[in-house]
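Under my numbering, the first residue of the sequence shown carries the number 1, and numbering increases by one thereafter. We treat Cβ as the ideally placed atom computed from N, Cα and C, and that holds for glycine.
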Amino acid sequence: MSPVILNDLKKHLIVCNVVGLESSHIFSEKLPNIQKIADQGACCSVTPVFPAVTSTVQASLLTGKYPNRHGIISNGTYDRSNFSVSFWEQANSLVESPRIWDILKKNHATDLRTCVLFWQNTLYANSDIILTPRPIHLENRTIMWCYSKPPGYYENEIIPRLGDFDLSSYWGPLASSKSSEWIAAATVDTFEKQRPFLLFTYFPHVDYSAQRFGKTSSEVREDLLKSDTLVGKIIEKVKGLGLYDSTEFVILSEYPFNDVTGFIDLNRLLRDEGLIKVRQIGGYEFIDLEYSEAFAMVDHQVAHIYVKNSEFIELTKRILHRTPGIDAVLSTVNDKHEYLIDHPRSGDLIAISERDKWFTYYWWYDDNLAPPFAHAVDIHRKPGYDPVELFFDQKKRSIPLDPRLVKSSHGHLPGLDSKASSSVFITSNKDDRVASILTRDSVTSADIGSYLIGCYT
């Protein structure tokens, strides 16, 4: 692919998604590259859409829509007809609203390239250039492959210059800033060689230190500074190519973190009431979604509870309301619509933990009966998000089953109390469209998505 000659009336747009960056960090932490962009253009606090989890917020940032329109109600989905949960599915088709690259291609007869690196639900998407992790699991090993578009872009162009992407640095006990460093290098390489008009990239590593050590830890501060350094490298490359004045830089984040002091074993509580059924197979207990009257698909501080028969909804609701650590329960269409999560994929009930709590997916009482995948980094077979995968039990040589290790979480209902932190939107642009954002009483992730779509399509 040869670089496109950019229309004089258009600017390049580079969007850096810095996970864990909060509005309070912009001037309280030493982040010179990010602060320079804010000083040059504009900066505002952002309230995440609900729930404030990765896939949901990213879908809103890319569509300008809320979850009740784009359908990404969490990092997982539940198929009621097949009694199956799928977490971290990457298919583009799961997003039910057009995203920015779809709108660009529909509205403009143009060959301007779009690029998206490591954002969720981009497998088979309509963007011209895509990199997203897609490991291939063989019987005795895992090939740490990335799906790329065009075909062979990862194998033939990225690997020879950067080497393979190490999936273990992206998630699990070895997850670290090395993942973001590789993605940043791929971003610089792609922009230099392919010159996309629209480029989205993702720096995940603050997520790891926040969950391991807490949002105010020295590890988080160090990782924020590393994020700033990576942003700086992208800016320097753009300057070196002579394109700084024709490029808009956007720095944004998905959600703020909440430090946690406890957890809620929601499926164990439902099992206590006879609503969760299990089968013993091979000496392990597996949840039986066919015969369970209710179960919780948990995701950080939010749980979608699916109730098979309506006669059990009131009982399930009473269990949730009397459970310590649960802050709110969305139980009616109006409740869900208030937070724009009224979508057929949503649970019959939605529970939100208190800000200093989070939900585990565990259903077994005896750890010796836990399924083998509970002790492994196995994001697709667990019917809930498991942050304990960031830790490692050296004695047992496996993932521990100790939720007390988790120090921070996210997803909590925006605006439920006055202690909420904010994510952030920063742009090097300062035209009237940006001014219209800054004058609003509140700005959401969907508003930022609408701004990006309105400015660049």
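Closest by CA to residue i, which one among the options?
i: His304; options: Ser310, Glu311, Ala294, Phe312; result: Ala294
i: Ser24; options: Ile37, Cys43, Ala370; result: Cys43
i: Phe203; options: Leu162, Phe286, Gly283, Leu117; result: Leu117
i: Gln394; options: Pro173, Ile37, Ser310; result: Pro173
i: Ala175; options: Asp431, Pro387, Ala435; result: Pro387
i: Asp228; options: Ser246, Ser442, Ser398, Glu29; result: Glu29
i: Glu377; options: Asp111, Ala210, Glu389, Pro371; result: With the sequence shown as reference, residue 377 is identified as Val, and Glu is not the correct amino acid for it. Among Asp111, Ala210, Glu389, Pro371, the Cα nearest to that of Val377 belongs to Glu389.
i: Val307; options: Asp335, Gly274, Arg322; result: Gly274
i: Ile287; options: Lys277, Ala296, Ile281; result: Lys277
i: Thr54; options: Ile453, Ser445, Leu452, Tyr451; result: Ser445
i: Arg397; options: Ser93, Ala374, His412; result: Ala374
i: Glu22; options: Ser81, Ile73, Ser74, Thr216; result: Thr216
i: Asn309; options: Leu320, Val302, Tyr291, Pro324; result: Tyr291
i: Gly262; options: Ala296, Arg221, Pro324; result: Pro324
i: Phe50; options: Pro32, Asn75, Ile183, Arg318; result: Asn75
i: Leu289; options: Tyr451, Gly232, Tyr78, Phe312; result: Tyr78
i: Ala435; options: Tyr451, Ser422, Ser421; result: Tyr451
i: Gln242; options: Ser218, Asn258, Glu192; result: According to the sequence as given, residue 242 is Gly; it is not Gln. Nearest option by C-alpha distance: Glu192.
i: Asp166; options: Arg318, Ile143, Ile264; result: Ile143
i: Ser168; options: Arg113, Leu94, Glu89, Trp145; result: Trp145
i: Asn258; options: Ala296, Asp272, Tyr244, Arg212; result: Arg212
i: Ala184; options: Leu131, Gly214, Ala210, Arg221; result: Leu131
By a C-beta neighbour count over all protein chains shown, 10 Å radius and 16 as the cutoff for buried, is residue i buried or exposed?
i: Val460; result: Since the first and last residues shown for the chain are 1 and 457, residue 460 lies out of range.
i: Pro150; result: exposed
i: Thr427; result: buried
i: Thr316; result: buried
i: His380; result: exposed
i: Met1; result: Because Met1 sits at a pLDDT of 41, beneath the cut-off of 50, its placement in the model cannot be relied upon, and the following sentence gives the value as read from the coordinates. Met1 comes out exposed.
i: Ile5; result: Legend: pLDDT at Ile5 = 38, less than 50; position of this residue unreliable, no value from coordinates given.
i: Gly240; result: exposed
i: Arg161; result: exposed
i: His410; result: buried
i: Pro256; result: buried
i: Tyr170; result: buried
i: Asp111; result: exposed
i: Asn107; result: exposed
i: Asp102; result: buried
i: Arg141; result: exposed
i: Asp447; result: buried
i: Gln280; result: exposed
i: Ser218; result: exposed
i: Pro403; result: buried
i: Asp8; result: Because the pLDDT at Asp8 is just 38, under 50, the model does not fix this residue reliably, and the value given afterwards should be weighed accordingly. It is exposed - the Cβ of Asp8 has fewer than 16 other Cβ atoms within 10 Å.
i: Ser81; result: exposed
i: Arg318; result: exposed
Under 8 Å, do residue i and residue j count as touching if we go by C-beta distance?
i: His205; j: Lys237; result: no
i: Cys455; j: Arg440; result: no
i: Leu13; j: Glu248; result: yes
i: Val424; j: Ser45; result: yes
i: Glu181; j: Leu230; result: yes
i: Phe391; j: Leu405; result: yes
i: Ile37; j: Ile251; result: yes
i: Tyr365; j: His300; result: no
i: Glu285; j: Leu369; result: yes
i: Leu62; j: Gly449; result: yes
i: Tyr153; j: Ile129; result: yes
i: Thr201; j: Asn17; result: yes
i: His412; j: Arg322; result: no
i: Val443; j: Thr56; result: no
i: Pro196; j: Thr187; result: no
i: Val85; j: Pro383; result: yes
i: Lys407; j: Val298; result: no
i: Ser177; j: Asp207; result: no
i: Phe27; j: Gln35; result: yes
i: Ala125; j: Asn92; result: yes
i: Gly20; j: Ile453; result: no
i: Lys11; j: Ser346; result: no
i: Asn33; j: Gly232; result: yes
i: Cys115; j: Ser127; result: yes
i: Gln194; j: Arg113; result: yes
Tell me, please, whether the CB atom of residue i is closer than 8 Å to any CB atom in chain C?
i: Ile103; result: Although the question refers to chain C, the structure presented lacks it and comprises just one protein chain.
Touch test, the region 134-143 against the region 108-122, Cβ-Cβ under 8 Å, three pairs minimum: Look at the beta carbons and you see the region 134-143 not touching the region 108-122: under three pairs across the two are nearer than 8 Å.
Where are the beta strand (DSSP E) runs, 3 residues long or more, that stay fully inside the region 249-321, in chain order? The region 249-321 contains these whole beta strand (DSSP E) runs: 262-265, 278-281, 284-287, 294-299, 302-307.
Can at least three beta-carbon pairs, one atom from the region 331-348 and one from the region 69-82, be found at a separation below 8 Å? Counting Cβ pairs under 8 Å, three or more are found: they touch.
Do the region 360-371 and the region 258-271 meet, that is, are 3 or more Cβ pairs less than 8 Å apart? Yes, the region 360-371 is in contact with the region 258-271.
For the structure I just gave you, are there three or more beta carbon pairs, one from the region 323-333 and one from the region 342-352, closer than 8 Å? In short, these stretches touch, since the Cβ pair count reaches three.
Entirely within the region 83-150 and at least 3 residues each: give me those beta strand (DSSP E) ranges in chain order. Within the region 83-150, the complete beta strand (DSSP E) runs of at least 3 residues are 84-87, 114-117, 129-133, 146-149.
Whole beta strand (DSSP E) runs in the region 365-425 with 3 or more residues, listed along the chain? For the region 365-425, not a single whole beta strand (DSSP E) run of length 3 or above is found.
Counting only runs of 4+ residues fully inside the region 20-47, write out the alpha helix (DSSP H) ranges in chain order. Entirely contained in the region 20-47, the alpha helix (DSSP H) runs reaching 4 residues are, in chain order, 25-28, 32-40.
Could I get the ranges of all uninterrupted beta strand (DSSP E) runs contained in the region 155-226, with 3 residues as the minimum, in chain order? Within the region 155-226, the complete beta strand (DSSP E) runs of at least 3 residues fall at 198-203.
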